[in-house]
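Q: One structure is given below, represented as structure tokens, and several questions about it will come after.
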Amino acid sequence: MTDLTKMKVAEARDALRAGDVTSVELTEACLDAIEGAGALNAYVHKTPEIALEQATAADARIKAGDAPAMCGIPMGIKDLFCTRGVASQAASRILEGFRPEYESTVTTQLFDAGAVMLGKLNMDEFAMGSSNETSCYGKAVNPWRRGNDDSQLTPGGSSGGSAAAVAADLCLAATGTDTGGSIRQPAAFTGITGIKPTYGRCSRWGIVAFASSLDQAGPMTKDVRDAAIVLQAMCGHDPKDSTSANLPVPDFEAMLTGDIKGKTIGIPREYHMDGMPEEIETLWAKGREMLAEAGAKIVDISLPHTKYALPAYYVIAPAEASSNLARYDGVRYGHRATLAAGEGINDLYEKTRAEGFGPEVQRRVMVGTYVLSAGFYDAYYNRARKVRTLIKKDFEDVFAQGVDAILTPATPSAAFGLGEMQDADPVQMYLNDVFTVTVNLAGLPGVSVPAGLDKQGLPLGLQLIGRPWEEGDLLNTAYALERAAGFAEKPAKWW
Amino acid sequence: MLDLSFEPPKPKVIAGAKYDWELVIGMEVHAQVASEAKLFSGASTKFGAEPNSNVAFVDAAMPGMLPVINEYCVEQAVRTGLGLKAEINLKSAFDRKNYFYPDLPQGYQISQLYHPIVGEGEVIVDMEPGIARLVRIERIHIEQDAGKSIHDMDPNMSFVDLNRTGVALMEIVSRPDIRGPEEAAAYVSKLRQILRYLGTCDGNMQNGNLRADVNVSVCRPGQYEKYQETQDFSHLGTRCEIKNMNSMRFIQQAIDYEAKRQIAILEAGGSIDQETRLYDPDKGETRSMRSKEEAHDYRYFPDPDLLPLEIEQAWVDDIAASLPELPDEKKARFVKDFGLSEYDASVLTAEVANAAFFEKVAAEAGDGKLAANWVINELFGRLKKEGHDITESPVSPAQLAGIVRLIKSDAISGKIAKDLFEIVYTEGGDPEQIVDERGMKQVTDTGAIETAVDEIIAANPAQVEKAKQNPKLAGWFVGQVMKATGGKANPKAVNEIVAKKLAE
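So the sequence lines, in the order shown, correspond to chains P and C.
Position one of the first sequence corresponds to residue 696 (the numbering used here), numbered consecutively onward.
Position one of the second sequence corresponds to residue 49 (the numbering used here), numbered consecutively onward.
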């Protein structure tokens, strides 16, 4: 039998249903792979007992003929998801020892569908970062390397552990979350597929909040079909999340025909950035050609407020985060600082938060507090909200002109070296999100599809942005792009 | 809708050492929404539960937990708005008010700063019959209550009880239309009355279910009128806010103290610092809690976990159609339909249960005025003596109506009626039956009364002579007759017969 860990979700599903493999076998293969992949630091809490228990139950369900698509599929879960009884720390020291007594809606749906949890995956602390270097568990490492250069590369962030685990076959699929690009950028850096659905498609209940108006969960998978299958299981209306949309979920996989004849694809001129590597430009042009060859109509479009997106994002996201993270105060759960005699409640707050939050989180909490404070609110937060409205309108306008999807690069570069950005201005790191944040600000679905390798042998991704609630259509376009690109490379195992 | 006409009261004038001063008061009343569950969670709101037993995950701000609006609390706020004749905003929104405190687990309170659910309304604050202050309501918004910090259980530790955390409050904000301490207390009392009529807040001030922040400033006479003309606050003095008052008496005392404090500062040439103050009822004074400089920067912003709250006019109309008759209307109707004085109507409508009791008595007795006298003077008086409220009355409306009917039909005298009431109150029973069984019926047989009068006259010739000189002494004979008949003689008949016989 082939290496079970290399299986895709769709293949495994069919093999499980056919009785060619059991979930326990798949799970054990993944657990073995995880044991051998410590160097990637993808998993931060392993849950082999839970995994085997779930796998056994899944096998029984499959045997009984009750096998939803995800039944028996071993998955990794981003540490941002609260999982009952299992450490859920958002990769932060401040949630030290926190084991929720509840299960997030997304993981509940996955487990109800029979999915198996292998463990919790590394990420940037509170999903704030683009390189996985802000994690309290230390950085996750990209399984890809530049040719024969053995320097470690970032898997991207914040869902870096998820990306590394999927790319290195340490699970069949993983959950991610995306606030400004945290699914799509790491997917691009590791040669996998990641989709951020429309805001409101997946319930946020039980996912540690970063920026509530931007956060969305989504799958990170080995191909587009898997993304359709896993997204199907993750999304749907949840009355426990007021921002969750009460809309039917179509059968995404059934919509993957690969036929995009007559579709109109927009190429936004504002996404040509000064100083963007030529390889990215080339890849983008190649993507355009591939879609045209598949029968789509390509049009140049304008999204005029794009250049304001990144600054607006870095006002809105920290503003919400500063409020969302106020609950980590050392009073009820997680880390609590030890106080000296005579110290009071303010000392408890200051010391707990200084010890518990890493520098990037502290920076964003401070920025967020500042932009919401009296006298600055209008200049920053309110202005950013106005920009957000304009960005949303940019997209609405092009969709109204008949554009079905928009093609852009996923990232401005391939994966960079871990530590490379250490001394850089934090804004340099924020530039990683330049092509992805607009999608979060507008609440749209966006998918990153691997489309080629750069000269150093690193994967590069293209992003497709779709109309709200039309993930099925978007995934079908991504499927056409995937077929045309024919990306099948895997990282050479070194770990 | 009929309304009673009224004139505004004169503003309270406080004489300082140098000048006369007037008060300007605005209030923010926090009323706990009467609801089984909290504003954004299913946890119970029951008072007096074990600490930290009524706490849902979202109340404790566990990671990833999200608020979901309790529709019933919204309905209650709308009902309150309608009861205060206020405009209902079909679209409102929730904002976060950020500050750190251990009894505020989220680190923010979910409130409605920018878009409250209820807009402008009004309250007629009755001071005395024909005198009332119309207080404008600026807005009502819904928000979460905080928990309780307990600092006196341990020398080194503070404790937190989250049972109250997330309970729905309505903050009812008035315009600065209140002009004295008595008016302030009367305003809270009227608001409480309306909320209780509506069933949207139980008004229990002791449990903190109704509490008020009082904004007080002083100005020289004439300034307030300038403000009224222009709505320009610069004509008014700088205000101080006295926080969290939960007694009518303390509200009055605190305003009184605060006004005098401000006047003394101003007359000494000083100026008032805008600040938040606390009233210490033991010392009878207010003290500074935090200055304007120390005031929190709450960093309000729209809560991204909640969509704007949109309600439909048809739903509001349904709630409006189900509103009970409110105190002002009920009072006006009592005056009109039963011919009661405004004062009596006020007393009867103070509590909706009292008014309902009275209406039953009036209907069954067929005499509203007499029924009102008996409900107010006898029943309320007796209940108050026992420390009971109307729901604990041992006398039912039917029983009291029975007594009133016996009086009305001249079957018993007023004096006997009081004895009868006492019997019904303590022993129970059907009043008519008691009167029959115990021979309490009034003697209206003039023959019998005449015999009694004749006997008294015959036995007291000297008194008769005096009474003939001075007719006022006739009362002595009436008294003797009543005594002789055991109080059962009809006093009217006795009076007439005595007068006639003495004149013979």
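Glycine included, each C-beta is placed from N, C-alpha and C at the ideal position.
Because the structure is a prediction, the values reported are computed rather than measured.
Applying the 10 Å Cβ sphere with the 16-neighbour rule, what's the burial state of E306(C)?
A: For this step, residue 306(C) is matched to residue 258 along the second sequence. Counting the other CB atoms within 10 Å of its CB gives E306(C) a total of 16 or more, which places it among the buried residues.
Q: Could you tell me which whole beta strand (DSSP E) segments of length 3 or greater appear in the segment 304-334 of chain C?
A: For the segment 304-334 of chain C, whole beta strand (DSSP E) runs of length 3 or above, ordered along the chain, are 323-328.
Q: On the DSSP bridge list, what partners appear for E176(C)?
A: Mapped onto the second sequence, residue 176(C) falls at position 128. In DSSP, E176(C) forms a bridge with I179(C).
Q: Between V122(C), N294(C), Y272(C), which lies nearest to P59(C) when the distance is taken from Cα to Cα?
A: Numbered from 1 along the second sequence, position 11 holds the residue referred to as residue 59(C). Closest option to P59(C), Cα to Cα, is Y272(C).
Q: Where are the alpha helix (DSSP H) runs, 4 residues long or more, that stay fully inside the segment 1087-1159 of chain P, in chain order?
A: Segments of the alpha helix (DSSP H) lying fully in the segment 1087-1159 of chain P: 1121-1125, 1132-1137.
Q: Comparing alpha-carbon positions, which option in Q300(C), T278(C), L314(C) lies nearest F268(C)?
A: Locating residue 268(C) in the second sequence gives position 220, counting from the first residue. One detail in the question is off: residue 268(C) reads as Arg in this sequence, not Phe. Considering only alpha carbons, the answer is L314(C).
Q: May I have a chain-ordered list of the alpha helix (DSSP H) segments no shorter than 4 residues that lie completely inside the segment 399-471 of chain C?
A: 400-413, 416-421, 429-434, 445-456
Q: DSSP three-state call for G931(P): helix, strand or coil?
A: Position 236 of the first sequence, counted from the first residue, corresponds to residue 931(P). Three-state result, G931(P): coil.
Q: Of all the CB atoms in chain C, is at least one closer than 9 Å to the CB of M696(P)?
A: Here residue 696(P) refers to the residue found at position 1 when the first sequence is read from its first residue. Because M696(P) sits at a pLDDT of 46, beneath the cut-off of 50, its placement in the model cannot be relied upon, and the following sentence gives the value as read from the coordinates. Taking Cβ atoms only, chain C never reaches closer than 9 Å to M696(P), which makes this a no.
Q: Sort out for me which residues DSSP pairs M968(P) with in a bridge.
A: Here residue 968(P) refers to the residue found at position 273 when the first sequence is read from its first residue. DSSP, once it has assigned bridges, lists no residue as partnering M968(P).
Q: Taking 7 Å as the limit between beta carbons, can you name the residues of its chain near C866(P), skipping five residues before and five after?
A: Here residue 866(P) refers to the residue found at position 171 when the first sequence is read from its first residue. Excluding residues up to 5 positions away in sequence, C725, P769, M770, G771, L813, A860 lie with their Cβ nearer than 7 Å to the Cβ of C866(P) in the same chain.
Q: The alpha helix (DSSP H) spanning V704(P) covers which residue range?
A: On the first sequence, residue 704(P) is found 9 positions in, with the first residue counted as 1. Where V704(P) is concerned, the enclosing alpha helix (DSSP H) stretches over 704-713.
Q: Could you tell me the alpha carbon to alpha carbon distance between K531(C) and V501(C), rounded to whole angstroms?
A: One-based indexing of the second sequence puts residue 531(C) at position 483. One-based indexing of the second sequence puts residue 501(C) at position 453. Their Cα atoms are separated by approximately 11 Å.
Q: Residues in its own chain within less than 6 Å of P556(C) by CB, not counting five upstream and five downstream?
A: As shown, chain C starts at 49 and ends at 552. That puts residue 556(C) outside it, with no answer to give.
Q: Return helix, strand or coil for E377(C), following the three-state DSSP convention.
A: Reading the second sequence from its first residue, position 329 is the one you call residue 377(C). In the displayed model, E377(C) falls within a helix according to three-state DSSP.
Q: Do three or more CB pairs link the segment 792-804 of chain P to the segment 1148-1160 of chain P at distances below 8 Å?
A: no
Q: Could you name the residues of chain C that L1169(P) contacts, counting a contact when the two beta carbons are closer than 9 Å?
A: On the first sequence, residue 1169(P) is found 474 positions in, with the first residue counted as 1. Within chain C, no residue comes near L1169(P); the closest Cβ sits about 24 Å away, beyond 9 Å.
Q: Considering just the uninterrupted stretch of the beta strand (DSSP E) at N146(C), what are its terminal residues?
A: For the purposes of this step, residue 146(C) is taken as the residue at position 98 of the second sequence. Start and end: 143-146.
Q: Is A216(C) closer than 9 Å to S370(C) when the C-beta atoms are compared?
A: Counting from one through the second sequence, the residue named residue 370(C) turns up at place 322. Counting from one through the second sequence, the residue named residue 216(C) turns up at place 168. Contact: no.
Q: L138(C): which of K520(C), V546(C), D365(C) sits nearest, CA to CA?
A: In the second sequence, residue 138(C) corresponds to position 90, counting from 1. Just measuring C-alpha positions, the residue of K520(C), V546(C), D365(C) sitting nearest L138(C) is D365(C).
Q: Restricting to Cα atoms, I'd like to know which of L1020(P), I1160(P), S1143(P) is closest to T885(P).
A: As a working note, residue 885(P) is residue 190 in the first sequence. Nearest C-alpha to T885(P): S1143(P).
Q: May I ask you to report which of helix, strand or coil DSSP gives D261(C)?
A: Indexing the second sequence from 1 puts residue 261(C) at position 213. The answer is strand: DSSP assigns D261(C) an E or B state.
Q: Note down, in chain order, every chain C residue with its Cβ under 9 Å from the Cβ of I902(P).
A: Translated into the one-based positions of the first sequence, residue 902(P) becomes position 207. Simply P111, G112.
Q: Could you tell me which chain C residues have their CB closer than 7 Å to the CB of I1040(P), listed as they occur along the chain?
A: Within the first sequence, the letter at position 345 stands for residue 1040(P). Near I1040(P) (Cβ distances below 7 Å), the residues of chain C are P150.
Q: What does V208(C) touch in chain P if you count any residue whose Cβ is under 9 Å from its own?
A: As a working mapping, residue 208(C) is identified with position 160 in the second sequence. By Cβ distance, chain P contributes V1026, R1027.
Q: Could one say the Cβ of Q322(C) lies closer than 9 Å to chain P's Cβ atoms, at least one of them?
A: For the purposes of this step, residue 322(C) is taken as the residue at position 274 of the second sequence. No, Q322(C) lies away from the interface with chain P (no Cβ there is under 9 Å from its Cβ).
Q: Below 6 Å CB to CB, which residues in the same chain sit around T648(P) once its five sequence neighbours on both sides are set aside?
A: Residue coverage of chain P in this structure runs from 696 to 1190, which leaves residue 648(P) outside it and unanswerable.
Q: Please state whether DSSP places H78(C) in a helix, a strand or coil.
A: Within the second sequence, residue 78(C) is the residue found at index 30, counting from 1. H78(C) falls in the strand class under three-state DSSP.
Q: Starting from C288(C), trace the beta strand (DSSP E) in both directions and tell me its first and last residue.
A: On the second sequence, position 240 is the one that residue 288(C) refers to. Segment 288-293, the beta strand (DSSP E) holding C288(C).
Q: Residue range of the alpha helix (DSSP H) that D484(C) falls in?
A: On the second sequence, residue 484(C) is found 436 positions in, with the first residue counted as 1. From DSSP, the alpha helix (DSSP H) with D484(C) extends over 479-485.
Q: Return the chain-ordered list of same chain residues with a C-beta closer than 6 Å to the C-beta of M1124(P), the five sequence neighbours on each side being excluded.
A: Position 429 of the first sequence, counted from the start, is the residue given in the question as residue 1124(P). Only S825, M1116 meet the Cβ criterion.
Q: Between I975(P) and chain C, is any beta-carbon pair separated by less than 9 Å?
A: The residue you call residue 975(P) lines up with position 280 of the first sequence. I975(P) has a beta carbon lying at 9 Å or more from every beta carbon in chain C.
Q: How many Å lie between A862(P) and K917(P) at the Cα?
A: Taking the first residue of the first sequence as position 1, residue 862(P) is located at position 167. Taking the first residue of the first sequence as position 1, residue 917(P) is located at position 222. Looking at the two C-alpha atoms, the distance is approximately 7 Å.
Q: Assuming R181(C) contacts P56(C) under a Cβ cut-off of 8 Å, what Cβ separation, rounded to an integer in Å, is found between them?
A: In the second sequence, residue 181(C) corresponds to position 133, counting from 1. In the second sequence, residue 56(C) corresponds to position 8, counting from 1. That pair is a contact at about 6 Å.
Q: For E1165(P), count neighbouring C-beta atoms within 10 Å of its own C-beta (all shown protein chains included) and say buried if the count is 16 or more, exposed if not.
A: Taking the first residue of the first sequence as 1, we reach residue 1165(P) at position 470. So E1165(P) counts as buried.
Q: What are the partner residues of M218(C), as DSSP defines its beta bridges?
A: In the second sequence, residue 218(C) corresponds to position 170, counting from 1. DSSP output for M218(C) lists A79(C), I190(C) as bridge partner(s).
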